[in-house]
Structures are given as structure tokens and as C-alpha cells.
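Trainee:
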Ligand SMILES: Nc1ncnc2c1ncn2[C@@H]1O[C@H](COP(=O)(O)OP(=O)(O)O)[C@@H](O)[C@H]1O
Ligand SMILES: [Mg+2]
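Residue numbers (this note's numbering), protein chains in the order written: chain A, 81 to 536; chain B, 249 to 513.
1. Short check: CB of residue 289 of chain B to CB of residue 261 of chain B, under 9 Å?
2. Beta-carbon within less than 8 Å of residue 363 of chain B's beta-carbon, same chain only, minus the 5 sequence neighbours each way: which residues are those?
3. Answer yes or no: do residue 268 of chain A and residue 182 of chain A have a C-beta to C-beta separation smaller than 9 Å?
4. What are the partner residues of residue 114 of chain A, as DSSP defines its beta bridges?
5. What do you reckon, are the CB atoms on residue 272 of chain B and residue 408 of chain B nearer than 9 Å?
6. Which residues bound the beta strand (DSSP E) around residue 460 of chain A?
7. So that I know if they touch, is there some Cβ in chain B lying closer than 9 Å to that of residue 487 of chain A?
8. Is it the case that the Cβ atoms of residue 252 of chain B and residue 309 of chain B are separated by a distance below 9 Å?
9. Find the residues of chain B that neighbour residue 327 of chain A, judging by a C-beta separation of less than 9 Å, and give them in chain order.
10. Terminal residues of the continuous alpha helix (DSSP H) containing residue 352 of chain B?
11. Select from A:176, A:94, A:379 the residue whose C-alpha is nearest the C-alpha of residue 294 of chain A.
12. Looking at the secondary structure, which residues open and close the beta strand (DSSP E) in which residue 416 of chain B lies?
13. Within 8 Å: the Cβ of residue 291 of chain B and any heavy atom of ligand 2?
14. Note down the Cα distance separating residue 258 of chain A from residue 380 of chain A, rounded to an integer number of angstroms.
15. Which residues does DSSP list as the beta-bridge partners of residue 299 of chain A?
16. Could you check what DSSP says for residue 386 of chain B in three-state terms: helix, strand or coil?
17. Please confirm whether residue 222 of chain A and residue 113 of chain A have their CB atoms less than 9 Å apart.
18. Run the CB neighbour count on residue 372 of chain A, radius 10 Å, all protein chains shown included, and call it buried at 16 or more, exposed below.
19. Could you compute how far the alpha carbon of residue 333 of chain B sits from the alpha carbon of residue 315 of chain B?
20. What residue range is occupied by the uninterrupted beta strand (DSSP E) comprising residue 528 of chain B?
21. DSSP three-state call for residue 548 of chain A: helix, strand or coil?
22. Please confirm if residue 259 of chain B has its CB atom under 9 Å from at least one CB of chain A.
23. To the nearest angstrom, report how far apart residue 336 of chain A and residue 364 of chain A are at their CA atoms.
24. By DSSP, does residue 527 of chain A sit in helix, in strand, or in coil?
25. Of all the CB atoms in chain A, is at least one closer than 9 Å to the CB of residue 410 of chain B?
26. Near residue 402 of chain A, which residues of its chain fall below 6 Å by C-beta distance, leaving aside the five closest residues on each side in sequence?
27. Just checking: is the beta-carbon of residue 497 of chain A within a distance shorter than 9 Å of some beta-carbon in chain B?
28. Which same chain residues, not among the five before or five after residue 358 of chain A, have their C-beta less than 6 Å away from its C-beta?
29. What number of angstroms, rounded off, separates the C-alpha of residue 441 of chain B from the C-alpha of residue 311 of chain B?
30. So, helix, strand or coil for residue 251 of chain B, using DSSP?
31. What is the DSSP secondary structure of residue 521 of chain A, counted as helix, strand or coil?
32. Can you tell me where the beta strand (DSSP E) holding residue 397 of chain A begins and where it ends?
33. Would you mind stating whether residue 447 of chain A and residue 416 of chain A have Cβ atoms separated by less than 9 Å?
34. Please check if any C-beta of chain B sits within less than 9 Å of the C-beta of residue 410 of chain A.
35. Answer yes or no: does any C-beta atom of chain A fall closer than 9 Å to that of residue 497 of chain B?
36. Residues in its own chain within less than 6 Å of residue 412 of chain B by CB, not counting five upstream and five downstream?
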């Protein structure tokens, strides 16, 4: 045996040590539902470690390998804040909304402008919300993204988040209440010398016959230099009560140096509608785990995704729909456009439980690869234990159609523009599924702009 | 000098030779019909003129308005007034016909030093030109060709032609797959677009279109060459006699009696 070299502490060990070193405030400054889980969560994380591609669920995405830095675990107290003008510039044109802003995963009182809400509703900080609504937290926190349930391979990041969770968004819409204007959440990176490992925690509760729409945007203000190498481990949970309706849209666009691992567990009751969209416009490594459980009959679940990968961006979307109740509809549409050395991964699983009859479940993943150097791994899966169901899945990967490019050029449209038009058209059906007009318009322009600069 | 001068054009793909020395001159105000059996190279000729890059020009030249057409990109040709109506129009799901046409028309106008067409004028033009080929106005707002019937696609091509007002219009089997009413509509549209400054090359399988659009010249294309040229009487003769007599025997295998490739829509 060769002499043992002094080993660097593993990345996991650093997090464990950091946990032990957490201040009283960080550990206990919230409600029982949150703080009561920390110890078990860090123990689970210690057992599991960061996901590597030894795990089937992370076959193409090695999270452990992406953690290359010494991270700061909380935004520096003195970190410069974005200005109101910078926030202003990142709003969606004419969208009238309740505006919440987080910086480095922490709710920013100064930059948020929630405005008037219907009685009993809450839009704002997770930390504050927990104290204001402890029974809601008791009922819902940790239930839909549970580090002790679901796919064992997908628990580690949830456990890590639960150990450190302090702040994020909390949305609460009580029974029978409608939020007439959407919530617009802007997530800004924090500036500082060392890369931040942020662990925002979000909880969305839309009760029986209540309705809400949330647009979350991860963006970087112009003239604001986030530290490269930042990592966000976000966990979201959503509950939608019977006959409720919740639209949730998230845009990931933090720039080429930032990585994100997100876990989203959504649970919705009888006759409710849950609509979700994840758009990835930039990033280093991005992995999104989405699990939806339509728990009662006559639910509608809509899952949409759009990912644009350039350079060395790696985007991995993993979805699971647990059809536990009969008479539900789920619809998945994920589309990717990849160039350079980008990698796109889609793994979608529809699980129809025994007795869940009359399920209609559709799943489609389509990709356009602009250069041979880009890669796609696509695996839609159906697992069905009921006989009276209508399910389909499909996956395609191809290049832009030369005949279509020629058709446009033969009508006087320059080749580079023809390509942009066709890419926009490819993304269009995903964009059309967005119920927010201003967001849909913004996405259309962004897809155009991201490829408009591309020379053919 | 004629508007279009094709001299000894040889075109191939890999080791196949498709066009083997095509000569054809067309000037403003003229209508040329190109007839020929399936596989004789008619579409190849049209696509090479429109700028499809997959075909390799191996010999010969094409002058358009005094310029070397083969040196121009497909979009430059369109901007200079060359238009091809596709034999198989491409479906473009998600590309709105309105937006696409607005860009197309304005790209062509800009290249020709004309002002951009304003929104109101554009809509007016769309109405007028859609009327010309009896195209349902709803179709002008949908995705390009998506879910159109065969006949609607063909009429849509002529609608684009009318919008772009080219100087050289090449119609590749626009008549195939049309029933007699649709054929008449398309022919009427084309006749209204005939103009002293505009040349038409109308590729067709059948003489029947030529009953409605009277050609000035008819060319028989066989085995990648123009085997015979004449006036409209040649079309009648070709319909009666086929192409075999023009090619020393191998036209038959090129499909003298070939059926139309598309079902009647
Ligand atoms: N893209 C292509 N690749 C290979 N062969 C082709 C291609 N296009 C046409 N050809 C061949 O060239 C010949 C002429 O085709 P085409 O021009 O379509 O004839 P037409 O329009 O007269 O029916 C045919 O034998 C066809 O198979
Ligand atoms: Mg043809």
C-alpha cells in the first residue's frame, strides 16, 4: 500500500461541519415544523452524500462533481444589494403583480413590493410566513418534498436543504380566495468574493377553491457581477386544495457560471388544476426534480419545460407524475434547443397506480440539436398498473429541417433569420401553454434574442 | 438580353447526373411551359434556379437580369425577384403566416429600395391577394401550410407569389392534385399576374393547365435536357404521343405513362 496522503475534507464533511457550527439564530429562528426536522435531515444527508452518477437517477448528471468550490453558506451581511432601478429593469413590462425579491436566497424586504392582498392571504418571506402561519407549516412543510419518502435516490439534496432551510418564499391563499394579480418573484444572486451555496426553501399553499399564479425568475441584474461558481439548492413544495388552481412558472437564467439543483414536490386535490413550467435559459449545471401527485379524481396537471443550452450548459429535467387517483389528466411537454457542447437530459416517468382508472397521460420530449457536439439523453417512461387508461409518450431529437430553411430563404428571408424563426416556432407550443400573456411575450422575445445573435 | 438565360446547365448530386445541358431563355411578358415525365429533372431545374444548395452545378451558366444567378444566395435571388412555387410546399408549424409574410415582403422591398409596408397596407394587400386565389382569409393567419389541404397549399403558393410580385415566377407542378375548380382558380390568379415585365416558367405534367394559361413556349424535358421546344401545339402533341419519340427509347422507363404523384385533393 502506498503511503496515505493527507486527504482534503470531503465536500460533504464541510457541510456537516457547517451544520454543527450553525448559530442559534440560524438553527432555531423559525417554527417547530422547520427546526424540528433539521437534525434528522443532516443525518440523512450524511448517509446519502451528494448524488453522483453512480445513481440511476443521476446517471447523466454528477452533482458531486459540480461542487468544485469552497462555498459561503449564507450571503454576506454586507453584500451589496441590487438597486431599485436594477429590479425595475427585470420586471415583466406591463405585468401588474405582487412583487417579491430574494437576494442570495433571502427575502429582501427593501426590494419587495407586495402591495394589497385579499384578506388572510400571505405573500412574502418563508421565515416570516412560518411565524405568522405555524399551523399551515405544520400541515404542509416537508410533506411533498420529503427527504424520508419517494425515490431514495432523490432524497439527498432535499435533506441537505431541510437541514439548513431558513428563508425563501411563502405563498398562502386561503380557502375560496383568488389572487387577482399574479405574484412575481425575482431571485437575484448575491454579490461577494466567494461563491455562495444558497438553499432557498419555498412553500406554496393554495387551499380549496383558491387560485393563484406565481412567476419566479432567476436573473442577474445588468452591471452586477455575481461570483462565478455559485450553487443553488432550492426546494419547493406546493399544495393545491380541491377545485383550486395554481399556475407556477419558473425561469432559470443566472448566467453560464451558476448551477442549480431544484426539487419541487406538488400535491393537488380533487378537481384541482396545477400548471407548471420550467424554462432554463442559461446555467452551468441545472438539474430539476419535479414530482407531482394528483391525489384526488378529476385533476389536471400540466408540466412544461423549455431549455436552451449553449456553451457547456448541462440541463437535466426529471419528472415524476404519481397518478394515485382515477379520472385525471396529465400533460407533459418538454422541449430543448442545444448548441455547442451543451447537454440536455430528460427523464419523465408517469406512474399510474393500481386502481387509478381512466387516466389520460401524455408525455412528449422534443429536441433540436444545432451542432453535433451537443448531446441529448431522453427517456420518457410509462409505468401503468391500471387497464382502462390512455397514455402516450414520445421523444424526438433532430436538426433544423433544411427544406424548411430553404422555404423561408426562397421567400427572401436571410438564412440566419430563417433559423431563428424556426427555433421560435419550435418553442412556440410550450410558450403557448403559458397562461400569463406578459410572460409568454417575454419568452418569445428571449428565444428570439438568444439565437438572433447566432450567425449561421 | 433576356431576363433569364440558362446555358448548357449541368447539375448533379454525388454520382448522379440530373440535368445534362439545359438551355432556356425567358423574357419579361413570356410564359414558358416545361413539360416532361417524372424524374426528368423539372423540379431540379426549378430548385437550382431558386438556390437550393444541395444540388451541385457542374457546368454551364445562368444569367438573371445580367447577373450571375448561381453566385447569389437563395434569399438574394428572392430579393432580386426570383420566386418558386414549391411542388411540395413545406409545413411550418408555429410560424405564423402573417408574421412570416410581413418579414418576407419587407425583406424583398428593402432589397429593392422600397419603403417597408405599413401594417394597414400589409393587411390590405393580404386581403386583395388572398382574394385573387380565393384563399380563405383565415388561412392567412394560421401557421404556414400546417393542416392545409393539398389544394390550399398550392393556392397559398400563388398567394405568396402575388404578395412578392416577382419578375421571374417558377411554378413547379402547381396544378398537380388540383380538381378542376381549383385549377381554374389558380389559372385565373396566374393570368391576372401576367405582366409585361414578368416571366413565368410553368412546370406541369399535363396539358390541361395550359388550356387555361396559354403559354408562349412549350419545352419538353426528357432525361435532364430540353429535348424539344415549340409553341402551345407542342403541349397537345406531347399529351397525345408521350415523350418516347423524343428520347430515342428511354423515356418510357422515365415514366411516360406515369400517374400523378399526388392524390387529387
Ligand atoms: N435530392 C436529391 N438527391 C438525389 N437524387 C435526386 C434528388 N433530387 C432529385 N433527384 C433525382 O433526380 C431526378 C430528377 O428529379 P426531379 O428533378 O425531381 O424530377 P421531376 O421534377 O421532373 O419529376 C430523379 O431521378 C430524382 O431521383
Ligand atoms: Mg417534380
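Positions of the beta carbon are idealized from the N, C-alpha and C atoms, including for glycine. Quick caveat: nothing in here was measured; it's all calculated off a predicted structure.
Mentor: Reading it off the structure:
1. One thing to note: residue 289 of chain B has its Cβ no nearer than 9 Å to the Cβ of residue 261 of chain B.
2. 357
3. Between residue 268 of chain A and residue 182 of chain A, the CB-CB gap stays under 9 Å.
4. Paired residue(s): none; residue 114 of chain A is not in a bridge.
5. No Cβ-Cβ contact shorter than 9 Å links residue 272 of chain B with residue 408 of chain B.
6. 455–464
7. Answer yes: the Cβ-Cβ gap between residue 487 of chain A and chain B drops below 9 Å somewhere.
8. no
9. Ordered by position in chain B, no residue passes the 9 Å Cβ test against residue 327 of chain A, which lies about 22 Å from the chain.
10. 345–359
11. A:176
12. That run of the beta strand (DSSP E) goes 416–420.
13. yes
14. 19 Å
15. Answer by DSSP bridge pairing: none, since residue 299 of chain A is not bridged.
16. For residue 386 of chain B, the secondary structure class from DSSP, reduced to helix, strand or coil, is helix.
17. yes
18. buried
19. So the alpha carbons of these two residues sit roughly 22 Å apart.
20. Here chain B covers residues 249 to 513 and nothing more, so residue 528 of chain B does not appear.
21. This structure leaves residue 548 of chain A out entirely; chain A is present only between 81 and 536.
22. no
23. Taking the straight line from one Cα to the other gives about 5 Å.
24. helix
25. no
26. 373, 431
27. yes
28. 330, 368, 385
29. 23 Å
30. Residue 251 of chain B falls in the coil class under three-state DSSP.
31. Helix at residue 521 of chain A.
32. 394–403
33. For residue 447 of chain A and residue 416 of chain A, yes; Cβs fall inside 9 Å.
34. Chain B contact via Cβ: absent.
35. Caution is warranted here: a pLDDT of 48 is assigned to residue 497 of chain B, below 50, making its placement in the model unreliable, and the coordinate value is therefore given only provisionally. No, because no Cβ of chain A sits closer than 9 Å to the Cβ of residue 497 of chain B.
36. 331, 356
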